[in-house]
Amino acid sequence: MLHRAPRTGDLGITCAPPVPRLRFPLPIPGMLRFRPATSRPERGAGAAAHGAGAAPPGGRWREAGLPVGAKARRRCRGATVLTAAAVPGAAPESRLAAPDSRSSLLAMAFMEKPPAGKVLLDDTVPLTAQIEASQSLHSHTEYIIRVQRGVSAENSWQIVRRYSDFDLLNNSLQISTLSLPLPPKKLIGNMEREFIAERQKGLQAYLDVITTHHILSNCEVVKKFLDPNSYSVNYTEIALQHVSMFFRSEPKWEVVEPLKDIGWRIRKKYFLMKIKNQPKERLVLSWADLGPDKYLSDKDLQYAVKLLSSCSHPYIYKVTFAIANDSSALVIRPFSEKGTLKDLIYKAKPKDPFLKKYCNPKKIQGLELQQIKTYGRQILEVLKFLHEKGFPYGHLHSANVMLDGDTCKLLDLENSLLGLPSFYRSYFSQFRKINTLEGVDVHCFGHLLFEMTYGRPPDTIPVESFPPAPSVFVVSVLECILTCEAMKNGMPTVSRLLQMPLFSDVLLTNSEKPQFKVPTKLKEALKISKECIEKRLTEEQKLFHQHRRLTRAQSHHGSEEEKKKRKILARKKSKRSAYESGEEHSAKYSNSNNSAGSGASSPLTSPSSPTPPSTSGASSIPPAPPPPPLSPAAPPPPRTEAPMQPSPQPDVSTSRGALLSSIQNFQKGTLKKTQTCDYSAPRIS
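Numbering-wise, the sequence shown is residues 52 to 736 according to my numbering.
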């Protein structure tokens with residue numbers, strides 16, 4: 052039987068016979084343009100030599116489909132780019148396509164559905180870690196750690212880590228310039244029991260610091276350290292794969308360099324780009340995976356993301372290109388050299404990693420009062436506009452506000468469509484009154500206003516007291532958002548904030564007319580999605596509230612003061628029970644005495660009635676037989692003597708004392724000896 056030889060395709064991989072074309076859900080310009088396979092025959096040879104999924108020779112990015120310049124190649128040496136043959140979850144036949152079916156390749160790679168049963172994890176749910184035990188092996192010690200996600204004890208697992216693992220984690224976090232309390236190394240005597248116990252306490256303190264720090268707890272290295280199973284995927288490679296497939300259909304774009312870790316999200320990657328015809332203009336491409344709050348259908352999601360490029364508002368950052376599928380989205384925007392509002396506050400460079408820019412700023416200084424008023428008014432105006440359009444947001448923070456001169460422009464409108472969790476979700480999920488997306492936006496605006504005023508985020512939420520501010524009006528706005536009373540009563544509306552003295556007198560000079568047309572059908576789908584997002588938030592807040600009540604009850608029950616109270620109550624209860632049992636015994640004894648004297652004290656019912664025998668005698672004497680019935684006698688004459696008075700009741704305490712004393716004073720020697728006559732022997736006459 053003859054087998055057809057495989058062919059070498061345009062992607063540099065060994066291709067199987069052509070497969071049927073897949074319908075592309077969204078038309079992309081230029082997606083049908085392709086080059087013949089014979090134009091670059093060396094690709095096939097390189098791929099065949101290196102195998103599927105390996106980086107072809109002669110430049111890793113360009114050979115994998117990414118048009119990059121010399122600068123990007125220098126910065127990206129060693130990067131691994133997945134080709135279509137390495138798409139996870141696809142059958143071997145679906146990973147391959149003929150070189151003349153570029154649309155099929157793009158549909159299979161960029162528009163491939165996620166594996167069945169894929170769990171969309173909420174990365175903002177905090178992880179807690181507790182070292183349960185340690186075990187010493189031949190040359191090292193392992194620590195058994197219990198990690199829990201959220202408040203449910205069922206969602207927990209065990210990991211085993213050595214001190215060297217902690218040391219590697221700490222080295223990865225040194226970019227934050229924070230002073231973390233990792234116990235020092237020790238070469239001699241590190242297997243002693245006392246030292247291991249002391250080191251375990253130090254490692255526990257280290258875990259507590261990194262899991263409670265808002266930025267460190269959300270970074271990828273910490274997540275992989277605590278939850279290796281959920282974060283084993285290399286999202287940089289997945290992003291490169293999707294971007295490479297996109298560039299094969301859009302050849303006018305070119306990658307300048309990857310922007311590594313400039314954002315806080317684990318499943319969102321950034322690339323600096325340019326247009327070939329306009330080499331001086333810089334753009335930013337962001338790729339993001341879907342999140343747990345994605346409730347739009349695939350069709351509505353793709354249409355809504357595509358609609359973002361048509362949105363025009365003076366305080367919304369322009370979207371150049373946007374596309375989404377049923378597993379991820381890709382958005383291109385202009386790049387700003389000034390960076391975001393967070394970069395302005397922290398005096399940071401936009402291209403630096405997130406941990407380096409914001410974890411430990413060198414100088415803490417807030418903005419001027421006029422900047423606070425202007426930027427705050429602009430942000431509130433765009434929030435009001437989005438709420439009126441029925442477009443959910445919920446992702447306001449200072450790194451999502453781009454600066455364009457003296458104007459603030461909102462970023463990442465696609466986050467709510469993709470179902471991504473908010474940066475401040477771990478804060479507002481603790482308070483049940485913040486249960487709407489407008490309330491979430493107002494709460495996030497409180498964080499942003501605090502950061503603009505004081506140059507740093509708040510230490511705790513709710514805030515008990517505020518440091519001196521440039522104006523009392525700033526403090527009045529913060530008090531109605533971030534205080535404990537505000538958390539109990541609920542958030543104010545955006546319209547109410549606009550009417551407060553801090554923002555009401557700000558004049559906006561921008562005359563651009565907002566334009567954002569949302570079709571009625573899509574608006575209804577967005578409304579349903581918004582309700583589902585709020586419902587999930589409400590359920591999460593309910594679970595947290597129940598857990599907090601249970602924790603408070605347990606802590607109160609286990610406190611030293613409560614233990615003392617319980618001991619005192621137990622003593623009182625035991626004394627009361629002993630006293631009640633004594634009274635019950637006395638009552639029984641009193642009843643027996645009353646029954647013994649009832650024969651003498653009860654009046655005679657008839658002169659001929661015999662006196663009943665006393666119960667105080669021997670119990671073995673049988674009662675006397677009843678007398679024979681008498682003939683009816685004449686009624687007795689009226690009694691002339693006074694009736695007998697009942698005998699007085701004996702004192703209970705006196706009789707009880709006499710009984711106890713007689714029992715205690717009983718002596719066996721006082722008993723008289725008796726002589727018995729045995730008549731059981733037979734008599735012989």
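Beta carbons: idealized from backbone N, C-alpha and C, even for Gly.
Handout entry: Nearest residue (CA-CA) to L454, options T391, S477, G506, T544
Key = T391
Exercise for the section: Could you tell me whether the segment 320 to 335 touches the segment 549 to 568, where touching means 3 or more Cβ pairs closer than 8 Å? Expected result: no
Handout entry: Where C270 sits in the DSSP three-state scheme
Key = coil
Practice task
Give the DSSP-derived three-state secondary structure of D492 in the structure shown.
Solution key: helix
Exercise for the section: Could you spell out the range, first to last residue, of the beta strand (DSSP E) harbouring S467? Expected result: Premise fails: S467 lies in the alpha helix (DSSP H), 465 to 469, not in any beta strand (DSSP E).
Problem - Contact set for H364: own chain, Cβ-Cβ below 6 Å, skip 5 residues either direction - result: P565
Practice task
Would you grab the beta carbon distance between A373 and E465 for me? Rounded to a whole angstrom, and I think it's under 8 Å.
Solution key: 7 Å
Handout entry: Cβ-based neighbour list, V176, same chain, cut-off 7 Å, excluding 5 preceding and 5 following
Key = R200, G201
Practice task
Taking 9 Å as the cut-off, decide whether the C-beta atoms of P543 and L488 are in contact.
Solution key: The Cβ-Cβ distance between P543 and L488 does not fall below 9 Å.
Problem - DSSP three-state assignment for P309, whether helix, strand or coil - result: Of the three classes helix, strand and coil, the one that applies to P309 here is strand, per DSSP.
Problem - Residues of its chain near L23, where Cβ-Cβ distance is below 8 Å and the 5 sequence neighbours each way are ignored - result: Given a span of 52 to 736 for the chain in the structure shown, any question on residue 23 remains unanswerable.
Problem - Length of the line joining the Cα atoms of A130 and G541 - result: Only weak support is given to the placement of A130: the predicted model assigns it a pLDDT of 41, under 50, and the value that follows is read from those uncertain coordinates. Near 49 Å, if we compare the C-alpha coordinates of G541 and A130.
Handout entry: DSSP three-state assignment for E193, whether helix, strand or coil
Key = strand
Exercise for the section: Given a cut-off of 9 Å, decide if L267 and L406 are closer than it, judged by their beta-carbon atoms. Expected result: yes
Exercise for the section: Assign Q209 to buried or exposed, taking buried as 16 or more other Cβ atoms, counted over all protein chains shown, within 10 Å of its Cβ. Expected result: With fewer than 16 other beta carbons inside 10 angstroms of its own, Q209 counts as exposed.
Exercise for the section: Can you say whether V211 is buried or exposed, counting buried as having 16 or more other CB atoms within 10 angstroms of its CB? Expected result: exposed
Practice task
Measure the alpha-carbon distance for S555 versus T425 and round it to whole angstroms.
Solution key: 10 Å
Problem - Closest by C-alpha distance to C362, when choosing among F246, H189, V307, F436 - result: F436
Handout entry: Integer-rounded CB distance, given that S473 should sit under 8 Å from H446
Key = 5 Å
Practice task
Taking all protein chains shown into account, decide if P309 is buried (16 or more other Cβ within 10 angstroms of its Cβ) or exposed.
Solution key: Classification for P309: buried.
Problem - Extent of the continuous alpha helix (DSSP H) run through T263 - result: 244 to 263
Practice task
Run through the segment 527 to 610 for me and flag every whole alpha helix (DSSP H) of 4 or more residues, listed as ranges in chain order.
Solution key: 535 to 540, 545 to 549, 552 to 555, 571 to 608
Problem - Nearest to L533 (by Cα), restricted to the options L224, F246, L549, F501 - result: F501
Practice task
Determine the extent of the beta strand (DSSP E) in which V452 is found, giving its start and end residues.
Solution key: 452 to 455
Practice task
Compute the distance between the beta-carbons of N269 and W315, then report whether it is under 9 Å.
Solution key: A contact, by the Cβ cut-off of 9 Å.
Practice task
Specify whether the segment 221 to 229 and the segment 406 to 416 touch according to this definition: at least 3 beta carbon pairs, one from each stretch, less than 8 Å apart.
Solution key: yes
Problem - Beta bridge counterpart(s) of R200 as assigned by DSSP - result: Per the DSSP secondary-structure output, R200 pairs in a beta bridge with L178.
Handout entry: Neighbourhood of D173 by C-beta, 6 Å cutoff - its chain only, sequence neighbours within 5 removed
Key = P343, P472
Practice task
Please name the residue, chosen from E613, L395, D492, K484, that lies closest to G456 on a Cα-to-Cα basis.
Solution key: L395
Exercise for the section: Work out the CA separation of E582 and L549 for me, nearest whole Å. Expected result: 25 Å
Practice task
Could you check what DSSP says for R476 in three-state terms: helix, strand or coil?
Solution key: helix
Handout entry: Beta-bridge pairing of L461 - partner residues as DSSP gives them
Key = I367, V452
Exercise for the section: State buried or exposed for V523, treating a residue as buried only when at least 16 other CB atoms are found within 10 Å of its CB. Expected result: exposed
Exercise for the section: Could you have a look at Y321 and say whether DSSP puts it in helix, strand or coil? Expected result: strand
Practice task
Buried or exposed for F496, please, with buried defined as at least 16 other CB atoms from any protein chain shown within 10 angstroms of its CB.
Solution key: buried
Exercise for the section: Would you check if the segment 572 to 590 and the segment 342 to 356 touch, i.e. whether three or more CB-CB distances between them fall below 8 Å? Expected result: yes
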